[in-house]
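Heads up, the thing below is written out as structure tokens.
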Amino acid sequence: MNQDTSVHLRAEIFRRDVDRMIRWMENANVVRYLNEDSNIAHWLRQLNTNVPEPMLNYHFNQRGPFFMICHNDQESVGFVRLMPMSIQKAYEIVYVIGEEALWGQGLGRRAVRCAQSHAFFHLRAERIVAKIMPHNHRSIRCVRACGFQQIEEGEKLHRFEMTASAYLQFLREATPQQ
Numbered sequence: 012m013n014q015d016t017s018v019h020l021r022a023e024i025f026r027r028d029v030d031r032m033i034r035w036m037e038n039a040n041v042v043r044y045l046n047e048d049s050n051i052a053h054w055l056r057q058l059n060t061n062v063p064e065p066m067l068n069y070h071f072n073q074r075g076p077f078f079m080i081c082h083n084d085q086e087s088v089g090f091v092r093l094m095p096m097s098i099q100k101a102y103e104i105v106y107v108i109g110e111e112a113l114w115g116q117g118l119g120r121r122a123v124r125c126a127q128s129h130a131f132f133h134l135r136a137e138r139i140v141a142k143i144m145p146h147n148h149r150s151i152r153c154v155r156a157c158g159f160q161q162i163e164e165g166e167k168l169h170r171f172e173m174t175a176s177a178y179l180q181f182l183r184e185a186t187p188q189q
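For the sequence shown, our numbering begins at 12 and goes up steadily by one.
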């Protein structure tokens, strides 16, 4: 894993990002563990064709904050969504690294940590939930490395959670003491 790689979340969504998402959503390896509608690539194409670029943010943020994952200040390599749940001040996190060539380099972990910071410090979330398919071992390792605890082990989905207080404790333990 390359420790020098930086990751940041970009709120602004451009047509080129939508073009990338279309490519990712048409890649069977990328969507294998996603719970997306089978017509998502078609919907993205329609959106990119019919919606003025300044309105893309509005469409992508209708179901909660949506960010492009950017790597080393370059083009987007994935996305993160924080979807409000019926439980007050709780968000479900969905994240994807769409560029297969970058899998296994820790970008997902760094993106999840950026999203945790946004959820707990900006949205004032009390809890973040990740629902992950049991065979998605890479994602399970990712959320565990980010301090999530497994709450439920289902046949179709495992549920991981992190509370705001657990996140603060996780940060204290991860920060070297002076």
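Beta carbons: idealized from backbone N, C-alpha and C, even for Gly.
Simplified DSSP assignment, three categories, for residue i
i    : result
L93  : strand
F131 : helix
Q57  : helix
S49  : coil
C81  : strand
V42  : helix
M12  : With a pLDDT of only 42 at M12, under the threshold of 50, the placement of this residue in the model should not be trusted, and no figure is reported.
E23  : coil
Per DSSP, the bridge partner or partners of residue i
i    : result
I104 : L93
A141 : F171
R121 : Per DSSP, none; premise fails for R121.
S17  : According to DSSP, S17 bridges with nothing at all.
Cut-off 8 Å between Cβ atoms - residues of its own chain near residue i, not counting five sequence neighbours on either side
i    : result
K167 : M144 and P145
I98  : R138
P65  : none
Cut-off 6 Å between Cβ atoms - residues of its own chain near residue i, not counting five sequence neighbours on either side
i    : result
N68  : I24
M12  : Only weak support exists for where M12 lies, its pLDDT of 42 falling under 50; the coordinates are left without a value.
I162 : R170 and E172
I151 : I143
P76  : L93
F71  : I24 and F77
N50  : none
Presumed contact (8 Å Cβ cut-off) between residue i and residue j, rounded CB distance
i    : j    : result
A101 : A141 : Not a contact, Cβ separation roughly 12 Å.
G119 : I108 : 5 Å
N59  : V29  : 4 Å
G158 : F131 : Actually they do not touch by this definition, with Cβ atoms about 11 Å apart.
Run of the alpha helix (DSSP H) containing residue i, from where it starts to where it stops
i    : result
F181 : A175 to A185
H148 : H148 to A156
V235 : Residue 235 lies beyond the stretch modelled for the chain, which goes from 12 to 189, so this question has no answer here.
N68  : L67 to F71
Close beta carbons around residue i, own chain, < 7 Å, minus the five adjacent residues each side
i    : result
I33  : A52, L55 and R56
L179 : none
Endpoints, beta strand (DSSP E) assigned at residue i
i    : result
I162 : Q160 to E164
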